[in-house]
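See structure below.
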Amino acid sequence: MSNAPVLVTGASGFLGAQVVLALRGRAPAACVARDPERAPRELADEHWHAADLELRGVVTELVRALAPRAVIHCAALGSAAACEADPERARRLNVGVSVELAAASREAGARFVLVSTDQVFGAAAPPAGGFTEESATAPLGVYGATKREAEERVLELGGDALAVRLPLLYGDSLGRGRGATDALFAALDAGERPTLFDDEWRTPLDVSHAAAALVELALDHATTGVLHLAGPQRMTRLELGLAALAAQGIPREEALRLVRAAPRSALDLVPARAADCSLDASRARALLAVPLRSPAEALRPA
Ligand SMILES: NC(=O)c1ccc[n+]([C@@H]2O[C@H](COP(=O)([O-])OP(=O)(O)OC[C@H]3O[C@@H](n4cnc5c(N)ncnc54)[C@H](OP(=O)(O)O)[C@@H]3O)[C@@H](O)[C@H]2O)c1
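For reference, each letter of the sequence shown is one residue, going 251 to 552 in my numbering.
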């Protein structure tokens, strides 16, 4: 069995940190972040490489130096607002870096897993059961558009490459208040009454399950093309928040006093938020050993 590492970009981020944890016992991780100091302390003993991936040539050099068996590319400009504010940077990081990394991986004979998003959809309603891998993409903003372009250009290169579309992620951010549910808890701890949309539909997935599935897809499968990962339940942001609070023992009526249930139109958001990006993940469920659980199961205290 090869002892070559799996290169994880964005390893200090919400998803990337969980990918590094999921690799433990499976393969050594080569962790890349612009600033490894921002990684959670649980990952302090990992092998870190500080690199600004936006600088031309950096990703190719990294792949040549580390000779990974696989690359799980999590780094991105992932905030819709940041992408609208700086579309050039969004394109440079989300498209340019992904394409350069895919080409370098191909040259090195490494499997390449591109982390993409349900936000490649949103301008049109999904079919019953959610968008499948064959559904026509139609992003609403710069973030989704750059991720769609990355998918297309990476897959055009051919080789052992897979684009995995993820839904809204929630779950353990290792004490950093990131992701749909930890951000909610952090806002409540700060004395806020956060707004949760009751007309924004997603198929949310626990971040640790998403990470375990990405590791399984990188190491145990040869599937190429596009794959959807998602939770089994279509639900609103409000219902996800209430499920998270219920798992903390807070009854629904009390929870509804702690948060503000509102439609998306209550806030003046740019870009407009997609009403429904529900994903059909039946193909992944048939393929994977890792379960893709519902929020009620995933959030239940151990
Ligand atoms: N969170 C979700 O709900 C969700 C849903 C669907 C898809 N996704 C996708 O999942 C992936 C990870 O998202 P996330 O929520 O974990 O994001 P995140 O917490 O913002 O993490 C982003 C990571 O990218 C790194 N990064 C950004 N710019 C970089 C650069 N120029 N050079 C090197 N590293 C750089 C960051 O490192 P520094 O902090 O050091 O800059 C950080 O480690 C993204 O591709 C996102 O599109 C996320």
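All C-beta atoms, glycine included, are put in the ideal place defined by N, C-alpha and C.
Is the region 473-480 close to the region 366-383, with three or more CB pairs under 8 angstroms?
-> Touching, yes.
Within this structure, are the beta carbons of alanine 360 and arginine 319 separated by less than 8 angstroms?
-> Less than 8 angstroms separates the beta-carbon of alanine 360 from that of arginine 319.
Under the DSSP definition of a beta bridge, which residues are partnered with alanine 320?
-> Alanine 320 is bridged to Val256, Arg361.
Proximity winner among Ala277, Thr310, Leu305, Ala272, relative to glutamate 292 (alpha-carbon distances) = The residue with the shortest Cα to Cα distance from glutamate 292 is Ala272.
Helix or strand or just coil, what does DSSP make of histidine 471?
-> Coil at histidine 471, not helix or strand.
Since alanine 413 sits in a beta bridge, which residues does DSSP pair it with?
-> Paired residues: Leu364, Val476.
Where the beta strand (DSSP E) through leucine 446 begins and ends | 445-447 is the extent of the beta strand (DSSP E) around leucine 446.
Would you check if the distance between the CB atom of alanine 261 and the CB atom of alanine 283 is smaller than 8 angstroms?
-> When the beta-carbon positions are compared, alanine 261 and alanine 283 come within less than 8 angstroms of each other.
I think arginine 443 touches proline 417, with their Cβ atoms under 8 angstroms apart; what is that distance to the nearest whole Å?
-> About 26 angstroms separates the two Cβ atoms, so there is no contact after all.
Going by alpha carbons, who is nearest to leucine 364 out of Leu419, Leu467, Gly263, His297?
-> Among Leu419, Leu467, Gly263, His297, the Cα nearest to that of leucine 364 belongs to Leu467.
Return helix, strand or coil for phenylalanine 371, following the three-state DSSP convention.
-> It is coil, neither helix nor strand.
CB-CB under 7 angstroms to leucine 537, same chain, minus the five flanking residues each way: which ones, in chain order?
-> Short of 7 angstroms from the beta carbon of leucine 537, and not among the five residues preceding or following it, lie these beta carbons of its own chain, in chain order: His471, Thr473.
How far does the alpha helix (DSSP H) with alanine 289 in it reach, from first residue to last?
-> Taken as a continuous stretch (DSSP letters only), alanine 289 belongs to no alpha helix (DSSP H), as it is neither H nor E.
Between arginine 502 and arginine 550, what straight-line distance do the alpha-carbon atoms span, to the nearest angstrom?
-> Roughly 15 angstroms between the two C-alpha positions.
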